[in-house]
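Take a look at the structure set out below.
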Amino acid sequence: MEKFFSQSQEYLPFLLQGVSYTILVMMCAFALATGLGLILAFMRVSGIVPLAWVARTVIVVVRGIPGLVTLYYIYFVFPDFGVALTAVQAAIIGLGIAYSPYMAEVFRAGIEAIDRGQTEAALSIGMHWGLVMRRVVLPQAVRVALPPYGSTMVMLLKDSSLASTITVAELSLQGKLLASSTFENTTVFTLVALIYLAMSLPLTAFNAWLERKLRRS
Amino acid sequence: MSVIELKHVRKSFGTHEVISDVSFSVEPGEVVCIIGPSGSGKSTLLRCINGLETYQGGEIIVHGESVDATKPSIRHIRTRVSMVFQRFNLFPHRTALENVAEGPIYVKKERRAEVLARSRELLARVGLGAKMDAYPPQLSGGQQQRVAIARALGMNPDAILFDEPTSALDPELVGEVLSVMRSLADEGMTMVVVTHEMGFAREVADRVLFLDGGVLVEQGTPAEVLGRPQNARTQDFLRRVLPA
Numbered sequence: 001m002e003k004f005f006s007q008s009q010e011y012l013p014f015l016l017q018g019v020s021y022t023i024l025v026m027m028c029a030f031a032l033a034t035g036l037g038l039i040l041a042f043m044r045v046s047g048i049v050p051l052a053w054v055a056r057t058v059i060v061v062v063r064g065i066p067g068l069v070t071l072y073y074i075y076f077v078f079p080d081f082g083v084a085l086t087a088v089q090a091a092i093i094g095l096g097i098a099y100s101p102y103m104a105e106v107f108r109a110g111i112e113a114i115d116r117g118q119t120e121a122a123l124s125i126g127m128h129w130g131l132v133m134r135r136v137v138l139p140q141a142v143r144v145a146l147p148p149y150g151s152t153m154v155m156l157l158k159d160s161s162l163a164s165t166i167t168v169a170e171l172s173l174q175g176k177l178l179a180s181s182t183f184e185n186t187t188v189f190t191l192v193a194l195i196y197l198a199m200s201l202p203l204t205a206f207n208a209w210l211e212r213k214l215r216r217s
Numbered sequence: 218m219s220v221i222e223l224k225h226v227r228k229s230f231g232t233h234e235v236i237s238d239v240s241f242s243v244e245p246g247e248v249v250c251i252i253g254p255s256g257s258g259k260s261t262l263l264r265c266i267n268g269l270e271t272y273q274g275g276e277i278i279v280h281g282e283s284v285d286a287t288k289p290s291i292r293h294i295r296t297r298v299s300m301v302f303q304r305f306n307l308f309p310h311r312t313a314l315e316n317v318a319e320g321p322i323y324v325k326k327e328r329r330a331e332v333l334a335r336s337r338e339l340l341a342r343v344g345l346g347a348k349m350d351a352y353p354p355q356l357s358g359g360q361q362q363r364v365a366i367a368r369a370l371g372m373n374p375d376a377i378l379f380d381e382p383t384s385a386l387d388p389e390l391v392g393e394v395l396s397v398m399r400s401l402a403d404e405g406m407t408m409v410v411v412t413h414e415m416g417f418a419r420e421v422a423d424r425v426l427f428l429d430g431g432v433l434v435e436q437g438t439p440a441e442v443l444g445r446p447q448n449a450r451t452q453d454f455l456r457r458v459l460p461a
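Going line by line, the protein sequences match chains X and S. Here this note's numbering is used: the first residue of the first sequence is 1, the next is one more, and so on. Here this note's numbering is used: the first residue of the second sequence is 218, the next is one more, and so on.
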């Protein structure tokens with residue numbers, strides 16, 4: 001145990017360098033996935049057949065491809081078509097795209113959970129579709145969608161480790177490099193696991209706080 | 218000019234025709250009650266008038282404007298013909314006052330302060346002056362339906378459509394809603410009411426329409442339709458719903 005603490009002091013700065021990349025990739029990919037997910041969800045519930053069809057197809061295709069392969073594709077195949085991205089850019093875009101179907105389904109489930117009568121009441125006072133969504137459906141859908149949205153956020157935090165496979169020096173890659181040069185596998189990977197856990201706890205707490213706040217209002 | 222006019226309206230779900238060649242009109246200040254067995258198309262007919270359902274044949278005209286649920290003009294018609302639903306459909310995340318003010322502020326873009334003042338008056342008028350800041354889940358069914366009526370009135374409509382407004386209520390709460398509707402009728406509001414409350418139809422309606430199987434079987438004053446029904450189907454229906 002003593003050895004663990006003394007080694008930790010030595011290894012932590014190196015691992016924390018990786019943490020900054022993990023947070024950067026996770027936050028940006030999360031924002032991108034949320035944006036794309038919202039667009040896909042709105043397309044699916046729009047009632048406009050071609051839009052709904054396109055959204056459904058995108059969701060099925062992207063969800064059916066492993067995130068790892070999506071990252072490889074963007075990092076290694078796109079340059080063949082003249083789109084060269086840095087590893088961090090490719091990681092953010094790849095994870096953002098890979099997670100957008102899950103986000104879309106979380107939002108759609110929230111929207112469709114709202115009673116049809118709510119939409120009818122909103123329409124009956126002359127609201128157009130955008131206003132129905134903004135004033136009536138979405139404020140209620142958020143409460144339904146929040147718990148799965150929070151889980152998806154934690155999943156994305158952990159899957160940001162996929163970025164290591166395209167050379168982004170985030171936490172898991174730093175851990176692997178450290179372990180292979182020191183052979184202190186136990187210490188290093190225990191630290192890596194604890195750091196991931198430590199990052200997920202605030203996310204969970206924030207989500208729980210948001211849920212409580214929304215329930216009260 | 219009639220507030221609402223239906224000319225040979227037809228509607229079908231697939232091959233099943235639910236409304237067959239229905240024509241009638243509603244004049245300003247008139248209270249029209251639509252009665253009939255469940256599944257007779259009463260609610261569907263009402264929902265066609267403000268475009269919550271589409272119809273396939275004939276024409277519905279509201280204040281000279283043709284009702285077409287697929288055109289943007291439907292939104293203007295909806296601001297002039299309000300609707301009160303069987304299950305209230307209040308917005309649960311907004312207070313009673315906000316429910317009433319929502320349409321005038323966000324749809325009609327009226328000034329917030331004026332709308333709020335008017336909304337308070339309307340809530341007081343339906344007997345809920347003390348419940349303005351309550352959220353719908355905190356209110357009884359009867360109170361919720363009265364908020365819904367205030368919400369309909371808040372739009373300053375030319376007419377209000379009521380879709381079985383008391384059917385989802387506990388029996389002891391029916392009276393408070395009917396008495397609000399009765400006072401609206403007394404003040405000259407144009408109303409179309411789909412209802413199972415024969416007492417209300419008898420006392421308040423100017424005209425009663427009996428609908429069965431999507432067909433307008435009989436219409437007339439309450440005394441005519443409820444007192445001396447001519448058609449066998451009306452007679453049969455009334456025998457079943459009216460106490461002997």
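Note that beta-carbon positions come from the ideal geometry of N, C-alpha and C, so glycine has one too. In this text, all values refer to a predicted model and were calculated from it rather than measured experimentally.
Distance between beta carbons of I236 of chain S and Y272 of chain S, contact taken as under 8 Å: 7 Å
Supposed contact pair V397 of chain S and V317 of chain S - C-beta distance, whole angstroms, cut 8 Å: No, V317 of chain S and V397 of chain S are not in contact; Cβ-Cβ is about 14 Å, not under 8 Å.
Environment of L156 of chain X [buried if 16+ CB atoms lie within 10 Å]: buried
Reference G94 of chain X, options X:I166, X:F14 and X:Q7, closest by Cα: X:I166
Cutoff 8 Å: L123 of chain X Cβ touching any chain S Cβ: yes
Distance between T70 of chain X and V58 of chain X (C-alpha atoms, nearest Å): 13 Å
E389 of chain S, enclosing alpha helix (DSSP H) - first and last residue: P388 to D403
Minimum Cβ-Cβ distance from Y323 of chain S to chain X less than 8 Å: yes
Straight-line Cα distance separating K213 of chain X from F183 of chain X: 47 Å
C-alpha distance - I338 of chain S paired with K348 of chain S, whole-angstrom precision: According to the sequence displayed, residue 338 of chain S carries Glu and not Ile. Cα to Cα, E338 of chain S sits roughly 12 Å from K348 of chain S.
Inter-residue Cα distance where the pair is E234 of chain S and D429 of chain S: 12 Å
Cβ-Cβ separation, R116 of chain X to V218 of chain X (assumed contact under 8 Å), whole Å: No answer is possible for residue 218 of chain X: the residues shown for chain X start at 1 and end at 217.
At least three beta-carbon pairs within less than 8 Å, the region 80-90 of chain X to the region 133-152 of chain X: no
Member of S:S400, S:P245, S:R456 and S:E435 whose CA lies at the smallest distance from the CA of Q447 of chain S: S:E435
Alpha carbon of S240 of chain S to alpha carbon of R328 of chain S, nearest angstrom: Cα-Cα distance, rounded: 39 Å.
At least three beta-carbon pairs within less than 8 Å, the region 62-69 of chain X to the region 5-22 of chain X: No contact exists between the region 62-69 of chain X and the region 5-22 of chain X.
Contacts of T296 of chain S in chain X (Cβ-Cβ under 8 Å): Listed by position along chain X, the residues whose Cβ is nearer than 8 Å to that of T296 of chain S are I125 and G126.
First and last residue of the uninterrupted alpha helix (DSSP H) at T261 of chain S: K259 to I266
Reference E319 of chain S, options S:R456, S:A367 and S:E247, closest by Cα: S:A367
For P148 of chain X and L16 of chain X, the rounded distance between their alpha carbons: 29 Å
Presumed contact (8 Å Cβ cut-off) between P388 of chain S and Q362 of chain S, rounded CB distance: Going by Cβ atoms, the distance from P388 of chain S to Q362 of chain S rounds to 14 Å, so no, they are not a contact pair.
Within 8 Å, strictly: CB atoms of G274 of chain S and V226 of chain S: yes
Supposed close pair L263 of chain S, L378 of chain S - CB separation, criterion 8 Å: 5 Å
Under 8 Å from the C-beta of P50 of chain X: neighbouring residues of chain S: In chain order: nothing, as chain S lies at least about 16 Å away.
Pair within 8 Å by beta-carbon distance, S180 of chain X and S172 of chain X: no
When X:I125, X:V61 and X:E112 are compared against G371 of chain S, the one with the closest alpha-carbon: X:I125
Status (buried if at least 16 other CB within 10 Å, exposed otherwise) for V410 of chain S: buried
Simplified DSSP state of H225 of chain S, which is helix, strand or coil: Reduced to three states, the DSSP call for H225 of chain S is strand.
Same chain only: Cβ atoms within 6 Å of S384 of chain S, ignoring 5 sequence neighbours per side: Q303
Residues of its chain near V192 of chain X, where Cβ-Cβ distance is below 7 Å and the 5 sequence neighbours each way are ignored: Cβ contact annotation for V192 of chain X (same chain, cutoff 7 Å, sequence separation greater than five): L15, L171, S172 and G175, in chain order.
For Q436 of chain S, the residue or residues it bridges with in DSSP: S:L426
Secondary structure of V168 of chain X, DSSP reduced to three states: coil
Neighbourhood of S164 of chain X by C-beta, 8 Å cutoff - its chain only, sequence neighbours within 5 removed: E170, S172, L173 and K176
Contact with chain X by E315 of chain S, beta-carbon distance below 8 Å: no
Pairwise C-alpha distance: A104 of chain X and L36 of chain X: 8 Å
Reduced DSSP category for V136 of chain X - H, G, I as helix; E, B as strand; rest coil: It is helical.
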